[in-house]
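Peer 1: One structure, as structure tokens, below. Some questions next.
Here's what the structure looks like:
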């Protein structure tokens, strides 16, 4: 959504990948089109998000987290037990490498 304020500027609010972004544009000396500026902003933010989503730093577990993971008997999300076909995995943030929880692979 983008709203022009009538003076060559505008305010835009966009949601990309579940995150809200606010874009404020007050115009410039080149009289750049407000809609064009908003479109360029969307593309730039989307490209930055795409780069972040391609990041995958390997997991880092503390001794306590490893023990918690080893002792876990059911998935923290679906609550199903683990088996040969439904084995446990250590979910982690791919940007920070931090362990989040123990989940099943399905």
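Numbering (full-length UniProt numbering), first residue to last: 1 to 106.
Where a beta carbon is used, it is the ideal one built from N, C-alpha and C, also for glycine.
What you are looking at is a predicted structure, and each value in this text was computed from that prediction instead of being measured.
Three-state secondary structure (DSSP) at residue 8?
Peer 2: The predicted model places residue 8 with a pLDDT of 49, which falls under 50 and marks its position as unreliable; any figure quoted below should be read in that light. The answer is coil: DSSP assigns residue 8 none of H, G, I, E or B.
Peer 1: Can you check which of these residues, 70, 54, 87 and 53, is closest to residue 61 by C-alpha distance?
Peer 2: Cα-wise, what sits closest to residue 61 is 70.
Peer 1: Under 8 Å: do the region 34 to 43 and the region 64 to 80 share three or more Cβ pairs, one atom per stretch?
Peer 2: Taking 8 Å as the limit for Cβ pairs, the verdict is that the region 64 to 80 does not touch the region 34 to 43.
Peer 1: State the start and end residues of the unbroken alpha helix (DSSP H) segment that holds residue 71.
Peer 2: First-last of the alpha helix (DSSP H) with residue 71: 63 to 71.
Peer 1: Would you mind working out which of 102, 64 and 86 sits nearest residue 92, comparing C-alpha positions?
Peer 2: The residue with the shortest Cα to Cα distance from residue 92 is 102.
Peer 1: Does DSSP put residue 3 in a helix, a strand or coil?
Peer 2: Note that residue 3 scores a pLDDT of 43, beneath 50, so its modelled location is shaky; the value from the coordinates is reported in the next line. Strand at residue 3.
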